[in-house]
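Notes to accompany the following structure.
Numbering (the numbering used here), first residue to last: 1 to 243.
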């Protein structure tokens, strides 16, 4: 029998060995911890945005405080991610993907993300006065454009991997050997949930990035941005702390 990514089990085994486990283990602890902190601050940022939107007409003082909190959270996230644009090189060096199409998508998505993080850091320097404040709008545009490109290709990669997981699960069921691949099927389903969370987060962040590239009354509405930011943050939290 041929099942992708598996070492075939004998009838006496209840678990299968995924040949990709060893390569992935132990390599994401530090970035995951950093990402958890970023998602917490991101939640505060977009909750503050929603509070400001809701309270600005009835409670101006509360709205003003919420706006300051939102700006402070946004700037702190930019500062916290200093140097993160280099992480894309490490991702491509370590595990660009098992197939040519996935490797190509990895290059495109990580390149977009590196542009995003680099220019987002320069934008932070502009906002705090280290660089000319007049550059802020241009830096924001380039950052958001790179971010959007990255998200599009990250989403495509996840969709391809979701389809591969579905095909693999169907192949196991069709062969009638699912009793020997219980752990593998369980892992496929868990990975499916994580990839769906990634797609949800990237789609939400794509809306925010588009709002920076081409201001639009729908994308730029505080409610749209606030909900999109929270979806992204909470999907990221779930990926780091699954139930």
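Glycine residues also receive a C-beta, built at the ideal position from the N, C-alpha and C atoms.
Spatial distance of residue 161 from residue 104 (CA atoms): Along the chain shown, one-based indexing puts residue 161 at 161. Along the chain shown, one-based indexing puts residue 104 at 104. Between residue 161 and residue 104, the C-alpha separation is close to 14 Å.
Complete beta strand (DSSP E) runs within the stretch 42-73 (minimum length 3 residues, chain order): Whole beta strand (DSSP E) segments, 3+ residues: zero.
CA nearest to the CA of residue 78, picked from 178, 38 and 63: As a working note, residue 78 is residue 78 in the chain shown. Nearest of 178, 38 and 63 to residue 78, Cα basis: 38.
Segment contact flag, the stretch 134-147 with the stretch 159-175, C-beta cutoff 8 Å, min 3 pairs: Segments in contact, no.
Where residue 216 falls, given that 16 or more other Cβ within 10 Å makes a residue buried: Position 216 of the chain shown, counted from the start, is the residue given in the question as residue 216. With fewer than 16 other Cβ atoms within 10 Å, it is exposed.
First through last residue of the alpha helix (DSSP H) which encompasses residue 85: Sequence index remark: in the chain shown, residue 85 carries index 85 (1-based). Per DSSP, residue 85 belongs to no alpha helix (DSSP H) and is neither H nor E.
For residue 207 and residue 219, the rounded distance between their alpha carbons: On the chain shown, residue 219 is found 219 positions in, with the first residue counted as 1. On the chain shown, residue 207 is found 207 positions in, with the first residue counted as 1. C-alpha of residue 219 to C-alpha of residue 207: approximately 6 Å in a straight line.
Uninterrupted alpha helix (DSSP H) stretches inside the stretch 126-170 (no shorter than 4 residues): Taking only runs of at least 4 residues, no alpha helix (DSSP H) segment lies wholly in the stretch 126-170.
Helix, strand or coil at residue 218 according to DSSP, with G and I counted as helix: One-based indexing of the chain shown puts residue 218 at position 218. Coil.
Cβ contact check for the stretch 108-117 and the stretch 77-96: 3 or more pairs under 8 Å: Contact holds: three or more Cβ-Cβ distances are below 8 Å.
Other residues of its chain near residue 51: CB distance less than 6 Å, five sequence neighbours each side excluded: Translated into positions along the chain shown, residue 51 becomes position 51. Here the set comprises 66.
Sequence-distant residues of its chain with Cβ nearer than 6 Å to residue 15 (five each side left out): In the chain shown, counting from the first residue as 1, residue 15 sits at position 15. Because the pLDDT of residue 15 is 38, which lies under 50, any placement of that residue in the model is unreliable, and the question is left without a value.
Cβ contact check for the stretch 199-213 and the stretch 221-228: 3 or more pairs under 8 Å: Taking 8 Å as the limit for Cβ pairs, the verdict is that the stretch 221-228 does touch the stretch 199-213.
Cβ-Cβ separation, residue 140 to residue 123 (assumed contact under 8 Å), whole Å: Numbered from 1 along the chain shown, position 123 holds the residue referred to as residue 123. Numbered from 1 along the chain shown, position 140 holds the residue referred to as residue 140. Contact between residue 123 and residue 140 holds, with the beta-carbon distance rounding to 6 Å and staying under 8 Å.
Reduced DSSP secondary structure (H/G/I, E/B, other) of residue 91: Counted from its first residue, the chain shown places residue 91 at position 91. Reduced to three states, the DSSP call for residue 91 is helix.
Three-state secondary structure (DSSP) of residue 177: As a position in the chain shown, residue 177 is number 177, starting the count at 1. Here residue 177 sits in coil by DSSP.
Whether residue 121 touches residue 82 by CB criterion (7 Å): Counting from 1 along the chain shown, the entry for residue 121 is found at position 121. Counting from 1 along the chain shown, the entry for residue 82 is found at position 82. Yes, the Cβ-Cβ distance between residue 121 and residue 82 is below 7 Å.
Any chain B beta carbon closer than 7 Å to residue 58: Protein chains in the displayed structure number just one, and chain B is not present.
Beta-carbon proximity of residue 144 to residue 212, cut-off 7 Å: In the chain shown, residue 144 corresponds to position 144, counting from 1. In the chain shown, residue 212 corresponds to position 212, counting from 1. It is a contact, given that the beta carbons lie within the stated cut-off.
Counted within 10 angstroms of its Cβ, other Cβ atoms place residue 190 as buried (16 or more) or exposed: Here the question's residue 190 lines up with position 190 in the chain shown. Looking at its Cβ environment, which holds fewer than 16 other Cβ atoms inside 10 Å, residue 190 is exposed.
Between the CA atoms of residue 155 and residue 186 - distance to the nearest angstrom: Locating residue 186 in the chain shown gives position 186, counting from the first residue. Locating residue 155 in the chain shown gives position 155, counting from the first residue. Each residue's CA atom was taken as its position, placing residue 186 and residue 155 some 23 Å apart.
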